[in-house]
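Asker:
In the working numbering, the protein residues as written are 15 to 430.
#1: For residue 244, does the three-state DSSP call read helix, strand or coil?
#2: Could you tell me which residues DSSP puts in a beta bridge with residue 413?
#3: Buried or exposed: residue 15, going by 16 or more other Cβ atoms within 10 Å of its Cβ?
#4: Thinking C-alpha only, which one of 346, 377, 58 is nearest residue 364?
#5: Between which residues of its own chain and residue 131 is the CB-CB distance below 6 Å, once the five residues before and five after are set aside?
#6: When the Cα atoms are used, what is the spatial distance from residue 3 to residue 86?
#7: Can you tell me whether residue 382 is helix, strand or coil according to DSSP?
#8: Which of the three DSSP states is assigned to residue 51 in this structure?
#9: Going by DSSP, what residue range makes up the beta strand (DSSP E) through residue 123?
#10: So for residue 146, helix, strand or coil by DSSP?
#11: On the criterion of 16 or more Cβ atoms from any shown chain inside 10 Å, does residue 371 qualify as buried, or is it exposed?
#12: Mind pulling the alpha helix (DSSP H) runs of 4 or more residues that sit fully within the segment 161 to 248?
#13: What three-state label does DSSP hand residue 344 in the structure shown?
#14: When you compare only the Cα positions, how much space is there between residue 20 and residue 398?
#15: Alpha carbon to alpha carbon, what distance is there between residue 418 and residue 338?
#16: Is residue 46 near residue 117, with beta carbons less than 8 Å apart?
#17: Among the candidates 37, 307, 196, 111, whose CA atom is the shortest distance from the CA of residue 320?
#18: Let me know the secondary structure DSSP gives residue 90 once reduced to three states.
#19: Report the option in 192, 229, 197, 124 whose CA atom is closest to the CA atom of residue 208.
#20: Evaluate residue 69 with the Cβ neighbour count: other Cβ atoms within 10 Å of its Cβ, from every protein chain shown; 16 or more gives buried, anything less gives exposed.
#21: DSSP three-state call for residue 66: helix, strand or coil?
#22: Can the beta-carbon of residue 318 be found closer than 8 Å to that of residue 32?
#23: In terms of DSSP beta bridges, what is residue 307 paired with?
#24: Excluding five sequence neighbours on each side, which residues of the same chain lie with their C-beta closer than 6 Å to the C-beta of residue 312?
#25: Could you give the residue range of the beta strand (DSSP E) that holds residue 358?
#26: Sort 316, 304, 315, 310 by Cα distance to residue 328 and report the nearest one.
#27: Residue range of the beta strand (DSSP E) that residue 326 falls in?
#28: What are the boundary residues of the alpha helix (DSSP H) that includes residue 43?
#29: Taking C-beta to C-beta, are residue 390 and residue 408 nearer than 8 Å?
#30: Only counting the same chain, and skipping five residues up and downstream in sequence, which positions put a Cβ closer than 6 Å to that of residue 495?
#31: I want to know whether the segment 162 to 178 touches the segment 105 to 120 - three or more CB-CB distances under 8 Å.
#32: Pull up the DSSP beta-bridge partners for residue 77, would you.
#33: May I ask you to report which of helix, strand or coil DSSP gives residue 374?
#34: Let me see if you follow: with CB-CB separation under 8 Å, is residue 222 close to chain C or not?
#35: On the premise that residue 315 lies in contact with residue 279, defined as a C-beta separation below 8 Å, what is that separation, rounded to the nearest angstrom?
#36: CB residue 323 to CB residue 387, shorter than 8 Å?
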């Protein structure tokens, strides 16, 4: 199977922005911390959620769902082992390492998989866990973790503000003995959302969204019900799609963009108007050039957004430069954009994009989730038909993506 996108002119319509993928996955892992029920409202219907929930179920957890509500029950959790197949399929499965270890005192997990966007070792997780009293044995690709004397609080300073490491330490620390301090912690909104869920479950956490988070361990956690915020990367996807194609699109979402993202969209030429129902994005004419932008940890421009921005700049009015400072393989899609007529020069971790007057449809391959979405944007901006293979990457993170494209006037669908 593959996805096709037929190039279009200016687009218009309404899109309902899904719940945040990168927020809900650690919340599913948090369900392993308690015997009581966790309810996640506005949960996106995407493959990553299905895979994460299946991992929870294989350890003895139970789940049910109706529309956009996911109900998780950890009372029967009994198997402290994350299967290799699940770990290879979804990187977020590594977050069960913290929650299951906190709940059961031991866990076995394979090194996680996910998108092939570069080296993403879990050294920061392992180092922090060992400081917290966890004994870890590594054999080939399997980690056996155990806390024979219980998990204890510790001072942890991260060498890099890793989102995954911050989340995993939080999940381990909430039931630990004593106080844990995470310095140079990730500040992403998804960290704040996870902390809100944990606090709703009875955890004691201060400093979420700041560089220092303090967690005082408690003896037990209870059930909770929370609503997942809108997905800021999905919202950025549709906003950049509008910037690339031109038109008038209304996004049904609460405010999710950082100052950096708002500034970028304005520099591209987008006009943005917020009201109580969401955000109206309009773009007239070709997108403007962005002389220089680089990726980095929040609140800097997100690495996830880089693959979405590049195709827009391919038809920008002038030359733009993107520097990738997070993942080394984020530029793997450059070769695919060149098939469509893009003019891109690569120098180490910098891409110089020289705007062209037209892109043409082509057969291209997605190499990860965001490159797949980026190629969909490029296909909508191009003349003719673009066929995107490895479409499973796109369905990992985007809910109703084909239907949403059709709603705003883009011809898109699946084909053999």
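Think of the CB as a built atom: it goes at the ideal place given N, C-alpha and C, for glycine as much as any other residue.
Answerer: Considering the structure as presented:
#1: Residue 244 falls in the strand class under three-state DSSP.
#2: Residue pairing from DSSP leaves residue 413 without any beta-bridge partner.
#3: Label assigned to residue 15: exposed.
#4: Taking each of 346, 377, 58 in turn and checking the Cα distance to residue 364, the smallest one comes out for 346.
#5: Caution applies to residue 131, whose pLDDT of 40 falls short of 50 and renders its modelled position unreliable; the value that the coordinates give is listed next. Within the same chain, and ignoring the five residues on either side of residue 131 in sequence, the residues whose Cβ sits closer than 6 Å to its Cβ are 341, 343, 344, 382.
#6: Residue 3 lies beyond the stretch modelled for the chain, which goes from 15 to 430, so this question has no answer here.
#7: Residue 382 falls in the coil class under three-state DSSP.
#8: Residue 51 carries a strand assignment under DSSP once its states are collapsed to helix, strand and coil.
#9: Run containing residue 123: 120 to 124, per the beta strand (DSSP E) assignment.
#10: Three-state result, residue 146: coil.
#11: If you draw a 10 Å sphere on the C-beta of residue 371, you find fewer than 16 other C-beta atoms in it, and that means exposed.
#12: Taking only runs of at least 4 residues, the alpha helix (DSSP H) segments lying wholly in the segment 161 to 248 are 177 to 187, 203 to 214.
#13: Three-state result, residue 344: helix.
#14: Those two C-alpha atoms are separated by around 6 Å.
#15: When rounded, the separation of the alpha-carbon atoms in residue 338 and residue 418 is 29 Å.
#16: Yes, Cβ-Cβ distance for residue 46 and residue 117 is below 8 Å.
#17: Among 37, 307, 196, 111, the Cα nearest to that of residue 320 belongs to 307.
#18: Reduced to three states, the DSSP call for residue 90 is coil.
#19: Residue 229 holds the alpha-carbon nearest to the alpha-carbon of residue 208 among 192, 229, 197, 124.
#20: Buried, because 16 or more other Cβ atoms sit within 10 Å of the Cβ of residue 69.
#21: The answer is helix: DSSP assigns residue 66 an H, G or I state.
#22: Contact check for residue 318 against residue 32 fails: the beta carbons are separated by 8 Å or more.
#23: Partner(s): 336.
#24: Its chain contains 201, 202 as the residues whose beta carbon lies nearer than 6 Å to that of residue 312, once the 5 sequence neighbours on both sides are disregarded; these appear in chain order.
#25: Its beta strand (DSSP E) spans residues 357 to 361.
#26: Looking at the Cα atoms, 304 is the closest of the given residues.
#27: Counting along the chain, residue 326 falls outside any beta strand (DSSP E), though it belongs to the alpha helix (DSSP H) covering 317 to 327.
#28: Per DSSP, residue 43 belongs to the alpha helix (DSSP H) from 35 to 44.
#29: At a Cβ-Cβ threshold of 8 Å, residue 390 and residue 408 count as neighbours.
#30: Residue 495 lies beyond the range of the chain shown here (15 to 430); nothing can be said about it.
#31: With the cut-off at 8 Å, the segment 162 to 178 and the segment 105 to 120 touch.
#32: Answer by DSSP bridge pairing, in chain order: 86.
#33: For residue 374, the three-state secondary structure derived from DSSP is strand.
#34: Protein chain content of the structure displayed is limited to a single chain, and chain C is not contained in it.
#35: Contact flag wrong, Cβ pair sits at about 11 Å.
#36: Between residue 323 and residue 387, the gap from beta carbon to beta carbon reaches 8 Å or more.
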